[in-house]
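Participant: Numbering (mature numbering (1 follows the signal peptide of the UniProt record, and there is no 0)), first residue to last: -22 to -1, 1 to 335. Supplied in structure tokens, the structure appears directly below.
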């Protein structure tokens, strides 16, 4: 019955779009988490959906649009006003990537029951503070996002994250193209909680294009120190290639160490990303997670499918994420998990690439 539940829930969301499978031949890839993905998939064409760019009834649209516009303008104006105070008059015309994202999520894990919560994520970007010095205010820094097991699942969104992890800091960016050289970024600031938690971090990225080959390799590396939690280090190596105009294959290796855990973690991920049409996408993942350097052992294997649907005009999205886990702590007995999520994005200018996975 439980496996059937996962399939049925996925089918329900797919049914929201009768043309989900009709547009497979003309699609594009665009995902969030790494710049590698956005650089790789920004070109391409989408088929226009026949009916509209919204699944909402007309009465709901009349309420959603004014609300989105008011909050989006407020987010943009607030960030630009702060930016002008620190950076000058150019803030009114600079590209500003500030956002506010609200989400409602329901999680279910076999043997653990169901939980639900509301999430708020934000980033205040102040691009004109200096040419290379950028003031950043954001929620959920990478260092607060838990173990690799939690991060890799995609189910880590609410109760597993520390709600007191907003940061206020300065980043110094090198003006280097990561396709040509290592692009480095130095940052320092405080985590906004009591007592205040100072931090420093160093980030280095590189992207390699292989001549006469569709493969790309990206490296993301970060070393951080937080006064309350100590040091942490993470490296990610991501190699992938397009298989067609609407499918992309990725192999991702992560290694992470955090002083408060004092355990080396590593994960191997194989992903097949498929853009179904301009408003729907699927991700199929097989993930293996392990720990310890002196006594290596695998702690979790799982399969995951993530369906993402643009419900309304690039601002309202729904996710369905069924998973099948094989965990060491339960003798690798199969356990089903399911996440249902709705998200709404607030920015002045609507972006159409929020299939960020």
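For each residue, glycine too, the CB sits at the ideal point set by N, CA and C.
Cα separation between residue 324 and residue 235?
Facilitator: Position 346 of the chain shown, counted from the start, is the residue given in the question as residue 324. Position 257 of the chain shown, counted from the start, is the residue given in the question as residue 235. Whole-angstrom Cα-Cα distance: 34 Å.
Participant: How far does the beta strand (DSSP E) with residue 348 in it reach, from first residue to last?
Facilitator: No information on residue 348 is available, as it lies outside the stretch -22 to 335 that the chain covers here.
Participant: Is the segment 285 to 296 in contact with the segment 264 to 273, if contact means three or more CB pairs nearer than 8 Å?
Facilitator: no
Participant: What are the boundary residues of the beta strand (DSSP E) that residue 232 is part of?
Facilitator: For this step, residue 232 is matched to residue 254 along the chain shown. Per DSSP, residue 232 belongs to the beta strand (DSSP E) from 225 to 236.
Participant: Put residue 293 into one of helix, strand or coil per three-state DSSP.
Facilitator: Taking the chain shown and counting its residues from 1, one reaches residue 293 at position 315. DSSP places residue 293 in coil when its eight states are reduced to three.
Participant: By the DSSP assignment, the beta strand (DSSP E) with residue 218 in it spans what residues?
Facilitator: Your numbering for residue 218 matches position 240 in the chain shown. Per DSSP, residue 218 belongs to the beta strand (DSSP E) from 208 to 222.
Participant: So, is residue 226 buried or exposed, given that buried needs 16 or more other C-beta atoms within 10 angstroms?
Facilitator: As a position in the chain shown, residue 226 is number 248, starting the count at 1. Burial is judged here by how many other beta carbons sit within 10 angstroms of a residue's own beta carbon; residue 226 has at least 16 and is buried.
Participant: Please return the same chain residues whose Cβ sits closer than 7 Å to the Cβ of residue 146, not counting the five positions on each side in sequence.
Facilitator: Here residue 146 refers to the residue found at position 168 when the chain shown is read from its first residue. Setting aside the 5 residues that flank it on each side, residue 146 is surrounded in the same chain by 115, 167, 168 and 170, each with a C-beta closer than 7 Å to its C-beta; the list follows chain order.
Participant: Is residue 206 near residue 175, with beta carbons less than 8 Å apart?
Facilitator: To locate residue 206, count along the chain shown from 1; it is residue 228. To locate residue 175, count along the chain shown from 1; it is residue 197. Cβ atoms of residue 206 and residue 175: closer than 8 Å.
Participant: Determine the contact status of residue 230 and residue 193, defining contact as a CB-CB distance below 8 Å.
Facilitator: Here residue 230 is taken as the residue at index 252 of the chain shown, counted from 1. Here residue 193 is taken as the residue at index 215 of the chain shown, counted from 1. Result no, Cβ atoms of residue 230 and residue 193 do not sit closer than 8 Å.
Participant: If we call anything under 8 Å between Cβ atoms a contact, is residue 318 one with residue 84?
Facilitator: Taking the first residue of the chain shown as position 1, residue 318 is located at position 340. Taking the first residue of the chain shown as position 1, residue 84 is located at position 106. Yes, Cβ-Cβ distance for residue 318 and residue 84 is below 8 Å.
Participant: Can you grab the Cα-Cα spacing for the pair residue 93 / residue 86, in whole Å?
Facilitator: As a working mapping, residue 93 is identified with position 115 in the chain shown. As a working mapping, residue 86 is identified with position 108 in the chain shown. Cα to Cα, the separation comes out at about 6 Å.
Participant: With distances taken between CB atoms, is the gap from residue 208 to residue 238 smaller than 8 Å?
Facilitator: For the purposes of this step, residue 208 is identified with residue 230 of the chain shown, where counting begins at 1. For the purposes of this step, residue 238 is identified with residue 260 of the chain shown, where counting begins at 1. Contact flag set, yes.
Participant: Measuring CA to CA, which of 197, 33 and 178 is closest to residue 157?
Facilitator: Along the chain shown, read from residue 1 onward, the residue named residue 157 stands at position 179. Among 197, 33 and 178, the Cα nearest to that of residue 157 is on 197.
Participant: Cα separation between residue 185 and residue 290?
Facilitator: In the chain shown, counting from the first residue as 1, residue 185 sits at position 207. In the chain shown, counting from the first residue as 1, residue 290 sits at position 312. About 34 Å.
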